[in-house]
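Worksheet: the structure to be examined is printed underneath.
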Amino acid sequence: MAADTTATSSSSSISVAEQLEQLNAARKLVLENAAYYDRIVKGVLPIIGPTAPVELRRWGAEFLAESLATPVLAMRDRENITVAVLDTLKGLLEGAGEDTIVLKASVAAAASAYPVALRWIIHNSYHTESWEQMSAIKSRILQIWDGAPSPVKLSCIKFAQRVVLAQTVSNGMEQKLANSPMTPKTKVFIKSLEKTTRMFLTHLLRRDPNNPMAGRIQQYVERLMRSRAEIFDEAGRKRALVDQAGAPAGDAKRQRMETGIPQISIPPLGPGPHTLAAVFTLTNNLGLQGFDAAQLPANLAAKISVRTLAALDQHVLDLAVGGIRDRLTSIYAAGAAAAAAAQPAVINAATAPLGVDEEDDDYEPDLTPAEDTEQILNKLDNAPPEEPIDHAVETAAAMALGPFRLPPPPALDPDIAAKLSQAAASRVFGPLAALKDGGALRKPKAGINRLAASSYDRDSWLTVITRLATRSTAGLEDIDDGNNGIKTEDSSALDRPRMSLGDAIREMLYTYILEDWRRRIEIAVAWLCEEWYNDQLTKRRGGGAPLHYEACALRLVDGCLNYITAQDKVLTRFLAEIPELSRPLLGKLKGLCADPTTVQLALTSLLYLVMMRPPVREIALDTVAEIWTEYEDARPLAAKYLVKWRPGFIESQTRGSASDAAPANAMAVAT
Numbered sequence: 001m002a003a004d005t006t007a008t009s010s011s012s013s014i015s016v017a018e019q020l021e022q023l024n025a026a027r028k029l030v031l032e033n034a035a036y037y038d039r040i041v042k043g044v045l046p047i048i049g050p051t052a053p054v055e056l057r058r059w060g061a062e063f064l065a066e067s068l069a070t071p072v073l074a075m076r077d078r079e080n081i082t083v084a085v086l087d088t089l090k091g092l093l094e095g096a097g098e099d100t101i102v103l104k105a106s107v108a109a110a111a112s113a114y115p116v117a118l119r120w121i122i123h124n125s126y127h128t129e130s131w132e133q134m135s136a137i138k139s140r141i142l143q144i145w146d147g148a149p150s151p152v153k154l155s156c157i158k159f160a161q162r163v164v165l166a167q168t169v170s171n172g173m174e175q176k177l178a179n180s181p182m183t184p185k186t187k188v189f190i191k192s193l194e195k196t197t198r199m200f201l202t203h204l205l206r207r208d209p210n211n212p213m214a215g216r217i218q219q220y221v222e223r224l225m226r227s228r229a230e231i232f233d234e235a236g237r238k239r240a241l242v243d244q245a246g247a248p249a250g251d252a253k254r255q256r257m258e259t260g261i262p263q264i265s266i267p268p269l270g271p272g273p274h275t276l277a278a279v280f281t282l283t284n285n286l287g288l289q290g291f292d293a294a295q296l297p298a299n300l301a302a303k304i305s306v307r308t309l310a311a312l313d314q315h316v317l318d319l320a321v322g323g324i325r326d327r328l329t330s331i332y333a334a335g336a337a338a339a340a341a342a343q344p345a346v347i348n349a350a351t352a353p354l355g356v357d358e359e360d361d362d363y364e365p366d367l368t369p370a371e372d373t374e375q376i377l378n379k380l381d382n383a384p385p386e387e388p389i390d391h392a393v394e395t396a397a398a399m400a401l402g403p404f405r406l407p408p409p410p411a412l413d414p415d416i417a418a419k420l421s422q423a424a425a426s427r428v429f430g431p432l433a434a435l436k437d438g439g440a441l442r443k444p445k446a447g448i449n450r451l452a453a454s455s456y457d458r459d460s461w462l463t464v465i466t467r468l469a470t471r472s473t474a475g476l477e478d479i480d481d482g483n484n485g486i487k488t489e490d491s492s493a494l495d496r497p498r499m500s501l502g503d504a505i506r507e508m509l510y511t512y513i514l515e516d517w518r519r520r521i522e523i524a525v526a527w528l529c530e531e532w533y534n535d536q537l538t539k540r541r542g543g544g545a546p547l548h549y550e551a552c553a554l555r556l557v558d559g560c561l562n563y564i565t566a567q568d569k570v571l572t573r574f575l576a577e578i579p580e581l582s583r584p585l586l587g588k589l590k591g592l593c594a595d596p597t598t599v600q601l602a603l604t605s606l607l608y609l610v611m612m613r614p615p616v617r618e619i620a621l622d623t624v625a626e627i628w629t630e631y632e633d634a635r636p637l638a639a640k641y642l643v644k645w646r647p648g649f650i651e652s653q654t655r656g657s658a659s660d661a662a663p664a665n666a667m668a669v670a671t
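Counted from 1, the sequence shown has number 514 at position 514 by full-length UniProt numbering; the numbering is strictly sequential.
Written out as structure tokens, the structure is:
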């Protein structure tokens, strides 16, 4: 306050011209050294306030616009200056009959200040005064937009652009249209824009040829024409197909492209035994041949193999496969030939040669006598004894094991099965704490047949949970009607009831929704849609299986009504989006009419159903009529809706009440 009083007294003691001279000197100082911006801007604020002369206000507004738009300041310094000047900007804009120059510069300063102020307020949410000042500035600019002069309107448009840019959520991926294909529609659009801009600038030049900007306008028009010619004049940048084919280097280029595939040669294997690695080795490099590929980790070897096969040319792969096939064929052929050579030849007695040399004419037959019986017996006596038969081998062969079969598993106790089902159901909700939300950019929903696991986010996992609750035991809950529903003493139906897996997940899903039902109302709607769909399939199959939609919907409504307030418009949305409404479900809304603060919410929700859901219009109107009958505090608003949508109801009820009251009065008089 003392500084403001001193500044005011000093400003009143000197003339406006001297003050402007001092202010210009201060402006020159901050342009030379940006470190003085903070002190000088805060120091001139009392001088350029709404009560200052118009010359000082003009200078101050222009100086603030220049200071807030300068790029030399760090973000922290800009935030400090922006927060400090908001009150002054608000005063300059709210002045009645303010000067046009002051308004224009003030709006421009507000356009530069809005993104910085919004950033500062987000990080300092406790400071509500700055946000209130910025909101007042924005409201004032929107008020003066329509009736302001043209320079001020241009500044207002700039302010609106900065507001939209600051408050629009970025999708993280800026579109780059530099390399996009030129479609016929785009060509027409570009030609139209170029022609419109060129004609506008040409008319400006004709209107005022001596304007200082005439030279720059002429240069811009010429640049526009050159750009258009470069974009659309393709004849000067491309040769015709005939000329290109007749060029001396044309065939050579095509030959290089055709012979670009490397030709590999796979030499056949030499004689001798070969290892499997040698058969599949295609390189002649001794270092690579000696490398042990088994030393590589399995994942690294798989990655190298996949990338190599993906980048390999099909022709080269066919050559390699053919070479390996030829090697294997040659190895098999050599093995077969060696086996045939080792086996003795079978001699045919009819065609075998006599073994007589043609040059030897002397025939000397073998006169060795044949062995008699004694010689044969002597040889048998001198022969080595035969090996005895191993009886252990026979015993092992006789006791060979048959096929091994695992013993059947023990019978599962129902109590243990129920506990395991509860544990499995609780583990289903475990990943929800770690999963992220789908994001601000909502994808269009594909309906009841959408893929639940298309993306691993919170929405997809919740879809999996709802379908586990509704469809995991679908068809397994059918009741056997053979005994007309009568349980026999020896049946397992007399056991104490146990919760199925689907019911356990339903219970946990209900608890999860009620923990934060205002934010998780979409999950509740999706769950009820799945229950309704499952009930429709159950009705189509028949069999007397239990239906769950009505019970789940009533339970959810009961749970939400315990915590609902007059501001919870989400109830209307919930009733509008669930697939089916019934009288008991809408009858739950009558409980809201017992509290005067929630009467309007209940009747507004019913009115929305009357207007937007014609199939349940009569049920909703019946509920409104019951509310009119049962609750005195809700009658004015309920009567308003009934007069429009069910005319004659109130009159009939009033006449009926009067006719009932008349006999009662007559009996009282007679008595």
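Each residue gets a CB set at the ideal place from its N, CA and C atoms; glycine is no exception.
Note to self: Check this for me: beta carbons of Ala553 and Glu531, under 9 Å apart or not?
What the structure shows: Counted from its first residue, the sequence shown places residue 553 at position 553. Counted from its first residue, the sequence shown places residue 531 at position 531. Cβ atoms of Ala553 and Glu531: closer than 9 Å.
Notebook entry, point to check: What does a CB cutoff of less than 6 Å around Leu319 pick up in its chain, not counting 5 residues either side in sequence?
Noted result: Taking the first residue of the sequence shown as 1, we reach residue 319 at position 319. In chain order, Ile264 place their CB closer than 6 Å to the CB of Leu319, counting only its own chain and leaving out the 5 sequence neighbours on each side.
Margin query: Taking contact to mean 3 or more Cβ pairs, one atom from each stretch, closer than 8 Å, check whether the stretch 557–567 and the stretch 606–624 are in contact.
Written below: No: the two stretches stay apart, fewer than three of their Cβ pairs being nearer than 8 Å.
Notebook entry, point to check: Taking DSSP as the reference, what is the three-state secondary structure of Ile578?
Noted result: The count along the sequence shown starts at 1 and reaches residue 578 at position 578. Correct three-state label for Ile578: coil.
Check: Under the rule that 16 or more other beta-carbon atoms within 10 Å means buried, what is Gln19, buried or exposed?
Finding: Taking the sequence shown and counting its residues from 1, the one referred to as residue 19 is at position 19. Around the Cβ of Gln19, a 10 Å sphere holds 16 or more other Cβ atoms; the residue is buried.
Next item on the list: Whole angstroms is fine: what's the gap from Gly543's alpha carbon to Tyr549's?
Entry: What you label residue 543 is simply residue 543 of the sequence shown in a count that begins at 1. What you label residue 549 is simply residue 549 of the sequence shown in a count that begins at 1. Straight through space, the alpha carbons of Tyr549 and Gly543 are spaced by roughly 17 Å.
Check: Cα-Cα, which of Lys539, Asp535, Lys28 is closest to Ala551?
Finding: Here residue 551 refers to the residue found at position 551 of the sequence shown. With distances taken between CA atoms, Ala551 lies nearest to Asp535 out of Lys539, Asp535, Lys28.
Next item on the list: Could you work out which residue in Val599, Arg655, Ile619 is closest to Asp633 when comparing CA atoms only?
Entry: Against the sequence shown, residue 633 aligns to sequence position 633. It is Val599.
Item checked: Backbone CA spacing between Lys90 and Pro71 [nearest angstrom] -> Residue mapping note: residue 90 aligns to position 90 of the sequence shown, counting from 1. Residue mapping note: residue 71 aligns to position 71 of the sequence shown, counting from 1. Straight across, the Cα-Cα distance linking Lys90 with Pro71 is about 23 Å.
Notebook entry, point to check: If Val102 and Ala61 are in contact, beta carbons under 8 Å, what's the gap, nearest whole angstrom?
Noted result: Indexing the sequence shown from 1 puts residue 102 at position 102. Indexing the sequence shown from 1 puts residue 61 at position 61. About 5 Å separates the beta carbons of Val102 and Ala61, which is inside the 8 Å limit, making them a contact pair.
Checklist line | Residue from Arg140, Arg471, Phe429, Thr470 with nearest C-alpha to Asp459 | finding: Along the sequence shown, read from residue 1 onward, the residue named residue 459 stands at position 459. Minimum Cα distance to Asp459 is reached at Phe429.
Margin query: I need the DSSP call for Tyr549, collapsed to helix, strand or coil.
Written below: Your numbering for residue 549 matches position 549 in the sequence shown. Looking at Tyr549 - three-state DSSP - the assignment turns out to be helix.
Check: Using DSSP with H/G/I as helix, E/B as strand and the rest coil, what is Gly322?
Finding: Numbered from its first residue, the sequence shown carries residue 322 at position 322. Helix at Gly322.
Next item on the list: Report buried or exposed for Ala623, applying the criterion of at least 16 other Cβ atoms within 10 angstroms of its Cβ.
Entry: For the purposes of this step, residue 623 is taken as residue 623 along the sequence shown, with counting starting at 1. Just to set this straight, residue 623 is Thr in the shown sequence, not Ala. Under this definition Thr623 is a buried residue.
Next item on the list: With 9 Å as the threshold, decide whether the Cβ of Gly97 is near any Cβ in chain D.
Entry: Of the protein chains in this structure there is only one, and it is not chain D.
Next item on the list: Scan the stretch 78–129 and note each continuous alpha helix (DSSP H) run of 4 residues or more that stays entirely inside, going in chain order.
Entry: The qualifying runs are 100–123.
Note to self: Ser106 and Leu118 - do their beta-carbons sit closer together than 9 Å?
What the structure shows: Taking the sequence shown and counting its residues from 1, one reaches residue 118 at position 118. Taking the sequence shown and counting its residues from 1, one reaches residue 106 at position 106. With respect to Ser106, Leu118 sits apart: the two C-beta atoms are not nearer than 9 Å.
Notebook entry, point to check: Contact check, Val16 vs Glu55 under 8 Å by CB: the rounded distance?
Noted result: In the sequence shown, counting from the first residue as 1, residue 16 sits at position 16. In the sequence shown, counting from the first residue as 1, residue 55 sits at position 55. So it is a contact: roughly 5 Å between Cβ atoms.
Note to self: Which residue wins for smallest C-alpha separation from Lys158, given the options Ile141, Val169, Thr168?
What the structure shows: Taking the first residue of the sequence shown as position 1, residue 158 is located at position 158. The closest CA to that of Lys158, considering only Ile141, Val169, Thr168, is found on Ile141.
Notebook entry, point to check: Can you give the Cα-Cα distance for Pro209 and Arg57, rounded to whole angstroms?
Noted result: By 1-based counting over the sequence shown, the position of residue 209 is 209. By 1-based counting over the sequence shown, the position of residue 57 is 57. Cα to Cα, Pro209 sits roughly 35 Å from Arg57.
Checklist line | Selected residue, minimal CA-CA separation from Val164, among Trp628, Ala620, Glu21, Tyr114 | finding: Position 164 of the sequence shown, counted from the first residue, corresponds to residue 164. Considering only alpha carbons, the answer is Tyr114.
Check: With distances taken from CA atoms, which of Leu154, Ile137, Ser130 is nearest Thr100?
Finding: Counting from one through the sequence shown, the residue named residue 100 turns up at place 100. Checking every option, the nearest Cα to that of Thr100 belongs to Leu154.
Notebook entry, point to check: Would DSSP call Gln422 helix, strand or coil?
Noted result: As a first step, residue 422 is located in the sequence shown; it is residue number 422 there, counting from the start. DSSP places Gln422 in the helix class (H, G or I) of the three-state scheme.
Next item on the list: With a 10 Å radius around its C-beta and 16 neighbouring C-beta atoms as the bar for buried, classify Leu280 as buried or exposed.
Entry: Translated into the one-based positions of the sequence shown, residue 280 becomes position 280. The identity of residue 280 in the sequence shown is Phe, whereas the question assumes Leu. Under this definition Phe280 is an exposed residue.
Next item on the list: Within the same chain, show all residues whose beta-carbon is closer than 7 Å to that of Ala110, passing over the 5 residues directly before and after it, in chain order.
Entry: Position 110 of the sequence shown, counting from 1, holds the residue named residue 110. Correct list, in chain order: Leu89, Ile137, Ile141, Phe159.
Next item on the list: Would you give the residue range spanned by the alpha helix (DSSP H) that Met612 belongs to?
Entry: In the sequence shown, counting from the first residue as 1, residue 612 sits at position 612. Met612: member of the alpha helix (DSSP H) spanning 599–612, first to last residue.
Note to self: With a threshold of 7 Å on Cβ separation, who are the neighbours of Lys116 within its own chain once the five nearest residues in sequence on each side are excluded?
What the structure shows: Numbered from 1 along the sequence shown, position 116 holds the residue referred to as residue 116. Note on residue identity: the sequence assigns Val, not Lys, to residue 116. Shown here for Val116: same chain residues with a beta carbon closer than 7 Å to its own, the five before and five after excluded, namely Arg78, Glu79, Thr82 in chain order.
Checklist line | For Asp503, three-class secondary structure by DSSP | finding: Locating residue 503 in the sequence shown gives position 503, counting from the first residue. Of the three classes helix, strand and coil, the one that applies to Asp503 here is helix, per DSSP.
Margin query: Taking a contact to mean a Cβ-Cβ separation below 9 Å, would you say Ser472 touches Leu501 in this structure?
Written below: Stepping through the sequence shown from its first residue, residue 472 is reached at position 472. Stepping through the sequence shown from its first residue, residue 501 is reached at position 501. Yes, Cβ-Cβ distance for Ser472 and Leu501 is below 9 Å.
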